[in-house]
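Engineer:
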Amino acid sequence: MGRYNPKVAEPRWRQRWDEAESFVVRDTADSAAAPRPKYYVLEMFPYPSGRIHIGHVRNYTMGDVVARFKRAQGFDVLHPMGWDAFGMPAENAAMEKGVHPKGWTYDNIAAMRTPLKQLGLSIDWTREFATCDPDYYGQEQKIFLDLYRRGLAYRREGVVNWDPVDMTVLANEQVIDGRGWRSGALVEKRKLTQWFLRITAYADDLIDSLQTLDRWPEKVRLMQENWIGRSQGLKFHFTTTSGAPAGFDAIEVYTTRPDTLFGASFVGVAADHPLAVALAAQNPDIAEFVAKCRQGGASEVEIEVGEKLGMPTGVSVRHPFQPEIELPVWIANFILMDYGTGAIFGCPAHDQRDLDFARKYDLPVRPVVLPPGAEASRFAVADEAYVGPGKLYNSQFLDGLGIEEAKRAAIARIEAQGQGQGATVYRLRDWGVSRQRYWGCPIPMIHCPSCGVVPVPDSDLPVLLPDDVQFDRPGNPLLRHPTWRHVACPTCGSPAERETDTFDTFVDSSWYFARFASPHSKDPVDRASADKWLPVDQYIGGVEHAVLHLLYARFFTRALKEQGWVGVKEPFAGLFTQGMVTHETYRAPSDGRWLSPAELEARPGGGFVVVETGEAVEACGVEKMSKSKKNVVAPEDIFEQYGVDATRLFVMSDSPPERDVQWSTAGVEGAWRLIQRIWAEFDAQPDGPFRAPDLSADGLGLRRATHRLAAQVTEAVSAFRFNLAVARMHEMMAALRAHPAEGASPSHLAARHEALSYLARLIAPFTPHLAEECWARLGEQGMVVDAPWPEADPSLTEDDEAVLAVQVNGKRRGEIRAARGLADAQIEAVALADADVQRHLEGLVVRKVIVVKDRIVNIVAVPKSPD
RNA sequence: GCCGCCUUAGCUCAGUGGUAGAGCGCAUCCUUGGUAAGGCUGAGGUCGACAGUUCAAUCCUGUCAGGCGGCACCA
Numbered sequence: 000m001g002r003y004n005p006k007v008a009e010p011r012w013r014q015r016w017d018e019a020e021s022f023v024v025r026d027t028a029d030s031a032a033a034p035r036p037k038y039y040v041l042e043m044f045p046y047p048s049g050r051i052h053i054g055h056v057r058n059y060t061m062g063d064v065v066a067r068f069k070r071a072q073g074f075d076v077l078h079p080m081g082w083d084a085f086g087m088p089a090e091n092a093a094m095e096k097g098v099h100p101k102g103w104t105y106d107n108i109a110a111m112r113t114p115l116k117q118l119g120l121s122i123d124w125t126r127e128f129a130t131c132d133p134d135y136y137g138q139e140q141k142i143f144l145d146l147y148r149r150g151l152a153y154r155r156e157g158v159v160n161w162d163p164v165d166m167t168v169l170a171n172e173q174v175i176d177g178r179g180w181r182s183g184a185l186v187e188k189r190k191l192t193q194w195f196l197r198i199t200a201y202a203d204d205l206i207d208s209l210q211t212l213d214r215w216p217e218k219v220r221l222m223q224e225n226w227i228g229r230s231q232g233l234k235f236h237f238t239t240t241s242g243a244p245a246g247f248d249a250i251e252v253y254t255t256r257p258d259t260l261f262g263a264s265f266v267g268v269a270a271d272h273p274l275a276v277a278l279a280a281q282n283p284d285i286a287e288f289v290a291k292c293r294q295g296g297a298s299e300v301e302i303e304v305g306e307k308l309g310m311p312t313g314v315s316v317r318h319p320f321q322p323e324i325e326l327p328v329w330i331a332n333f334i335l336m337d338y339g340t341g342a343i344f345g346c347p348a349h350d351q352r353d354l355d356f357a358r359k360y361d362l363p364v365r366p367v368v369l370p371p372g373a374e375a376s377r378f379a380v381a382d383e384a385y386v387g388p389g390k391l392y393n394s395q396f397l398d399g400l401g402i403e404e405a406k407r408a409a410i411a412r413i414e415a416q417g418q419g420q421g422a423t424v425y426r427l428r429d430w431g432v433s434r435q436r437y438w439g440c441p442i443p444m445i446h447c448p449s450c451g452v453v454p455v456p457d458s459d460l461p462v463l464l465p466d467d468v469q470f471d472r473p474g475n476p477l478l479r480h481p482t483w484r485h486v487a488c489p490t491c492g493s494p495a496e497r498e499t500d501t502f503d504t505f506v507d508s509s510w511y512f513a514r515f516a517s518p519h520s521k522d523p524v525d526r527a528s529a530d531k532w533l534p535v536d537q538y539i540g541g542v543e544h545a546v547l548h549l550l551y552a553r554f555f556t557r558a559l560k561e562q563g564w565v566g567v568k569e570p571f572a573g574l575f576t577q578g579m580v581t582h583e584t585y586r587a588p589s590d591g592r593w594l595s596p597a598e599l600e601a602r603p604g605g606g607f608v609v610v611e612t613g614e615a616v617e618a619c620g621v622e623k624m625s626k627s628k629k630n631v632v633a634p635e636d637i638f639e640q641y642g643v644d645a646t647r648l649f650v651m652s653d654s655p656p657e658r659d660v661q662w663s664t665a666g667v668e669g670a671w672r673l674i675q676r677i678w679a680e681f682d683a684q685p686d687g688p689f690r691a692p693d694l695s696a697d698g699l700g701l702r703r704a705t706h707r708l709a710a711q712v713t714e715a716v717s718a719f720r721f722n723l724a725v726a727r728m729h730e731m732m733a734a735l736r737a738h739p740a741e742g743a744s745p746s747h748l749a750a751r752h753e754a755l756s757y758l759a760r761l762i763a764p765f766t767p768h769l770a771e772e773c774w775a776r777l778g779e780q781g782m783v784v785d786a787p788w789p790e791a792d793p794s795l796t797e798d799d800e801a802v803l804a805v806q807v808n809g810k811r812r813g814e815i816r817a818a819r820g821l822a823d824a825q826i827e828a829v830a831l832a833d834a835d836v837q838r839h840l841e842g843l844v845v846r847k848v849i850v851v852k853d854r855i856v857n858i859v860a861v862p863k864s865p866d
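Reading the first sequence from the start, the letters are residues 0 to 866 in numbering that gives the first Met the number 0.
1) Thinking just about the alpha-carbon of each residue, which of Tyr3, Trp678, Val276, Ile324 is nearest to the one in leucine 735?
2) What is the DSSP secondary structure of serine 298, counted as helix, strand or coil?
3) Output the distance between the C-alpha atoms of glycine 700 and arginine 707, rounded to the nearest integer angstrom.
4) Going by DSSP, name the residue or residues bridged to tyrosine 46.
5) In angstroms with no decimal places, state the Cα-to-Cα distance between valine 546 and glutamate 42.
6) Is the beta carbon of leucine 533 less than 8 Å from the beta carbon of valine 506?
7) Expressed to the nearest angstrom, what Euclidean distance is found between the alpha-carbon atoms of leucine 748 and phenylalanine 68?
8) Among the candidates Gly742, Leu144, Pro370, whose CA atom is the shortest distance from the CA of alanine 683?
9) Alpha carbon to alpha carbon, how far is tryptophan 82 from glutamine 420? Give it in angstroms, no decimals.
10) Name, in chain order, the residues that DSSP records as bridge partners for serine 508.
11) Grouping DSSP H, G and I as helix and E and B as strand, with all else coil, what is arginine 586?
12) Which word fits arginine 434, buried or exposed, when buried means at least 16 other C-beta atoms lie within 10 angstroms of its C-beta?
13) Could you compute how far the alpha carbon of tyrosine 38 sits from the alpha carbon of proline 133?
14) Where does asparagine 4 land, buried or exposed, given buried means 16+ other C-beta within 10 angstroms?
15) Around the C-beta of alanine 873, are 16 or more other C-beta atoms found within 10 angstroms, so that it is buried, or is it exposed?
16) Are the stretch 341-353 and the stretch 381-395 touching by the rule of at least three beta carbon pairs closer than 8 Å?
17) Is DSSP giving alanine 860 helix, strand or coil here?
18) Under DSSP, the beta strand (DSSP E) around arginine 189 begins and ends at which residues?
19) Closest by CA to proline 867, which one among Asp284, Ile445, Asp248, Trp593?
20) When you compare only the Cα positions, how much space is there between glutamate 299 and arginine 428?
21) Decide if glutamate 303 is buried, meaning its Cβ has at least 16 other Cβ atoms within 10 Å, or exposed.
22) Check this for me: beta carbons of tryptophan 438 and proline 465, under 8 Å apart or not?
23) With histidine 485 as the anchor, note down where its beta strand (DSSP E) starts and where it stops.
24) In the DSSP assignment, what residue or residues form a beta bridge with aspartate 792?
25) Could you check if asparagine 225 is buried or exposed, using at least 16 other CB atoms within 10 Å of its CB as the buried criterion?
26) In the DSSP assignment, what residue or residues form a beta bridge with threonine 254?
27) Looking only at C-alpha atoms, which of Asp398, Tyr153, Gln281 sits nearest to aspartate 258?
28) With leucine 460 and glutamine 140 assumed to form a contact (beta carbons below 8 Å), what rounded beta-carbon distance in angstroms separates them?
29) Glutamine 416 by DSSP, collapsed to three states: which one?
30) In this structure, how does DSSP classify proline 634 when only helix, strand and coil are distinguished?
31) Note down, in chain order, each residue of its chain lying with its Cβ closer than 6 Å to the Cβ of leucine 169, except the 5 sequence neighbours on either side.
32) What number of angstroms, rounded off, separates the C-alpha of glutamine 223 from the C-alpha of alanine 552?
33) Specify the secondary structure class of lysine 623 as computed by DSSP and reduced to three states.
34) Assuming serine 121 and histidine 78 are in contact, meaning their beta carbons sit under 8 Å apart, how far apart are those beta carbons, in whole angstroms?
35) Does the stretch 272-280 come close enough to the stretch 232-249 that 3 or more CB-CB pairs lie under 8 Å?
36) From this set, Tyr585, Ile637, Ala633, which residue's C-alpha is nearest glutamate 614's C-alpha?
This is the structure in C-alpha cells:
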C-alpha cells in the first residue's frame, strides 16, 4: 500500500519505451508486408524560443492521445517532431546579446527537447530535424528551383510592405491592421524587386478543394475562402473623350455589378493608378493629392474614419451603352490599386462607398434597381445605397430583368462590343517570399551582369549560410559579408553576385510534413515514403494559422505533386484547431502592476493577498498566458510538483479541446487526485489469477460500468472530446469504489480485475506512465504501450431494464422500470397504473399517450368536461 | 459594417427534442497507521431575454441583449 510516486515511475517508463524503441517507425522494410493501415499524426512544429509553455503541452498531448489511441487500435502510426528554426528572434538575440543565431537556435532546441521528451510523447525522435539544418534547407532550395523552372517562382518589382523595425519585407498576410505581425510597427509601402511564388495560379483549386476537406473545421475553410476572395464580374474599358494624357485612350475597370452600368455617374481610379501618376506629373494639385493618399493609405487612420476623398482629373470617358453620355474621371482614396484593375465606375445608388463619395462631391445618384414592391416614380436613394434584390429600370435594354439576368445581359453586350469580358478576380495575391534577413534559407539564385538571373546548379546545392557574420547594425549581414555573395556566374563564368535575400520562414513550414516521411532522403521527399504516409491524417495546431501556414502548405503540396515528389494535393486530411490556455490575471491595487500567481497567497473565504505586503488583490480577468501579464506557469514546475501525467490529464480535461482552457492550481490538483484514486484501486487489488468474470453474480454492475466506459472513451477520443473521456474516468472511479476489493467474492474480484485491466489501457493515451505502472501492478504481460485497445462488449454496455420517466402534460410526474424494448401498449399500461401518475390524472381524461422507447412516456390529458 | 462562435450551479465548463451533470469551491459529518492526506452526505439552477414549432424546448426556428474571434473602403 502506498501512494503513486510519479517522480520515480515516470522516468522509469520513459526509459523502458526508449530501450524498446516503442515509437520508432519501421519504415520501408515492413511497408509492403505489414497489413496495418497507416495513420499520420502531426502537431504544428514549434519555434525554438527556448522554453516550452503550457500551450505546447496541450497541443502535443492532444496529438499524443490520438497517436497512442490509433497505435493501440492497430494502426501503423507516424508521429514525428521537428523545429521551425529559422526566423527573426535568433537575429534579435544576436544583436542584443551578441550570440550567433545558429548557436542560439540549437541551444534553444536542446533546451526544449528535454521537457518535451519528459512529456512522454510517443514520438519517433529518429526523424527529428530543424529547418535550419543545411540538409533540410538545401532540399528546400531544390524545391524552389523546381518551382522556378515551372514558372511558379518569379522576380518582379512591386510595392511591398516594409517593416521599418525588422527592416524586412512582409507578405500581405503578415500585415495586420497596417502593422507588422511580429514587430507591431507601422508598415510602409516601398518599391523593391522581390521573389514571388505564384500561389494565384492555384486560386481556383485552393478554393474549390476546400469542400473536399470534410475533416477541417468549417470556420477555417470559411476563413480561407474569404481570404482567397473569388469574385465574378466584368472587366471592360471606358474610352476617354477628353483631357487624357497621351497613351490613355482607355481606362480598364472591374465590376461585380455590371447590371448597374446605367446608374454610373463617375469613373474612379486609385492614387497609384498609372493615369493618376501621369496626371500628377503635369499637375501639382493632383501630385499633392496623390502624395496625400499614399500617406493616408499607410497611416490607416483615414480608413478608420472612412472619409472618402477625391480629386477631379479633368478627364472624361464615354459610357459604353450611351455614347451621348460622358462621365468624369476622379482619383479617389478608397480605390485600391492592387485589386481588380485599380479603377472602377461609381454607381452611387447601389454602392455605399460610391454614394458617400457622390454626396460629398455632389455627383448624380441615379437608381437603376427597383426594390420589390417599390414604385418607380417615387423610389429614391437617400443616405443608404440600395444593394438588395429587385428589377432593373432606367436601364434601356436591361429594363425589367432581375439582377443576375441583367449582369449576364450587360456582360454579353460588352463582349459583343469588344470592350471587355466576364472575369474572375481574386483577393489573393502572389506570395512574396524574399526577406532581407540572414537567418533564413538562402534563395539559390545568382545575379550575373551579362546573363541576368541564373539558378544555382543542382550540383552546387546547398547554398550554405556563412557562419562568420556581424550583427553590429540592423539590416542584412549577408549584404555586408566580404566574400559570400561574390561568385562566378554558372553560365558564363564572369564575376556575379548571389541573391542575398532569404526565404520567408513560412516557406520552411510549407513542406516539413512531407519531409518527415523520409527525413534522411537525398531528395526533398522519397516518393515511396510519401505515398505511404501522406496525407497527414490528423493535423493539430492553433487557429492563428488558419490562413497563412495552412494556405501556403496547401499550395506547396500542389506544386510538389506536379513535380512528382508527392502523390497528393491536400497535405492535411484532418485538421483540428485547439484553443489556448488561459489564466487569471492579478494586479496590485496600489500601483497597478501585474502580479504573478507565485507572489500571491489564497485568502480564506476567497480572493488573494500579496505575500510580501499583505495587500488584498482581486483577480482581474482571464487571459491568454503572456509574460507581460505575468499570468504564466512554467510546465517544468508543474511536472516537478504534480508529475507529467497530472499535467497532461489536466490540459485534456475541463474544456473541450477546441475551446480555451483555464489553467488553475485547483484543476491540476483535481487531476492529481484522480491519478491517486486510480492508483489506489490498482494497489488494493489482490494478486490473481482470477477465473473468468462471472456474469451471474455481484460483479455484473461493475462489468457494465467497465464496458460502458470502454465504449464511451473510444467514442470520445475518436471525436476529439478528450474532456468527456476524462469525465467518464471520474465516473468509473465511483463504480470501482462501489465494488471494493476488500471482502469481495471471487467473481467480484474477477470483475474488478477486468475493470482495472480495461482502465489501464483506456487511460494510457492520457496518462501513459501511470498506465504502465498500473498494468505492471496487475501482473499483465508486456507494456500497455503494446497492448491492444480494449473492446466494449455490446451485450454489457446496455442495461436490460430501462428506467422511463412518466410525464403528464409534459411535466415529470413519475418513474417506471420496464424491460428494454417492451411493447408500447404494455409500457402504457404500466405507466397509467403508476400511483404517482394516477394522482396527477385525477379529474383528467387521457387523450393520448406518447411512448418513446426506453426513455419516456408522456400522457396528454385534458380536464373532464363538466357534463 | 459583414461572417462565425459563446451565454447552463458561487467559479470553470460538460450535456441532451423526453428524469439537468462534472471538477473545483462551500457546508455537515467520518477517518487520523494512505495524513503537507482520504472519504460520506448535502445545499446550490427561470439552462441570457422574448416569441414560435411540438404531446413535450435548456436543446429546433426567429428576434433581441451581452461577450469573444475573424474579415473589412476587395468595386
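Beta carbons are placed, not taken as given, at the ideal position from N, Cα and C, and that holds for glycine.
Structural biologist: Answer, in terms of the structure:
1) Trp678
2) Its pLDDT being 41, under 50, serine 298 is placed unreliably by the model, and nothing is read from it.
3) 11 Å
4) Bridge partners of tyrosine 46: none, in fact.
5) 17 Å
6) no
7) 28 Å
8) Gly742
9) 48 Å
10) Serine 508 pairs with nothing; no bridge assigned.
11) strand
12) buried
13) 29 Å
14) exposed
15) Any property of residue 873 remains undetermined from this structure, which presents the chain solely from 0 to 866.
16) yes
17) strand
18) 187-196
19) With the chain represented from 0 up to 866, any question about residue 867 goes unanswered, as that position is not in the structure.
20) Below a pLDDT of 50, predicted positions are generally treated as unreliable, and glutamate 299, at 42, falls in that range; the measurement from the model is reported next regardless. Rounded to whole angstroms, glutamate 299 to arginine 428 spans 20 Å at the Cα level.
21) Bear in mind that a pLDDT of 48 at glutamate 303, under 50, signals an unreliable position, so the model cannot answer this.
22) no
23) 485-487
24) Answer is none; aspartate 792 lacks a bridge partner.
25) exposed
26) Leu233
27) Asp398
28) 5 Å
29) coil
30) helix
31) Asn160, Asp162, Gly179
32) 12 Å
33) strand
34) 6 Å
35) yes
36) Tyr585
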